[in-house]
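Residue numbers (the working numbering): 4 to 126.
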């Protein structure tokens, strides 16, 4: 579990950098300022939670894997896909209705952090 989470976190971090660079260099002047801000918010949360997945993986390496840690990492990954993915897609396509699903990813982020906290309190 630890190796898998560390690998997923590292891949997600690399993707966040690549997606952020694309936005910074390829979208300026092509999308509205508001959509560019949404895109950058997606990149920020993407990177924060890539690092969160790495923290979950390191925690699993130190204390051993558990269902709570597996769920924490999975929820953070799901959050990246839904939260950041919806913001990226909205910025690139102009489909603003995707903003309605963005909070689902945010709730997944929160739940992932709460599960990591519960794991910490169980130590």
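Built from N, CA and C at the ideal position, the CB exists for glycine as well.
- Where in the segment 16 to 51 do unbroken runs of the beta strand (DSSP E), each at least 3 residues long, occur, reported from the N-terminal end onward? The segment 16 to 51 contains no whole beta strand (DSSP E) run of 3 or more residues.
- Task: Would you kindly work out how many angstroms separate the C-alpha atoms of residue 23 and residue 87, rounded to a whole number?
- Result: Straight-line spacing of the CA atoms in residue 23 and residue 87 works out to 11 Å.
- Looking at the structure shown, is residue 98 part of a helix, part of a strand, or coil, going by DSSP? In the three-state scheme derived from DSSP, where H, G and I count as helix and E and B as strand, residue 98 is classed as coil.
- Does the Cβ of residue 89 have 16 or more other Cβ atoms within 10 Å, making it buried, or fewer, making it exposed? Residue 89 comes out buried.
- Query: Any idea what DSSP makes of residue 73, helix, strand or coil?
  - Reply: Secondary structure of residue 73 (DSSP, three-state): helix.
- Query: Cβ of residue 39 within 8 Å of Cβ of residue 30?
  - Reply: Contact: yes.
- Does the Cβ of residue 126 have 16 or more other Cβ atoms within 10 Å, making it buried, or fewer, making it exposed? When all chains shown are included, residue 126 counts as exposed.
- Task: Determine the closest residue to residue 69 out of 11, 119, 99, 9, with distance taken between C-alpha atoms.
- Result: Of all alpha-carbon atoms in 11, 119, 99, 9, the one lying nearest the alpha-carbon of residue 69 is that of 119.
- Query: Should residue 64 and residue 72 be called a contact, given that it needs their Cβ atoms to be closer than 8 Å?
  - Reply: With respect to the 8 Å criterion, residue 64 and residue 72 are not classified as neighbours on the basis of their beta carbons.
- Task: Taking residue 112 as part of the alpha helix (DSSP H), name the residues at either end of that continuous run.
- Result: Run containing residue 112: 105 to 125, per the alpha helix (DSSP H) assignment.
- Alpha carbon of residue 95 to alpha carbon of residue 37, nearest angstrom: So the two alpha carbons sit approximately 12 Å from each other.
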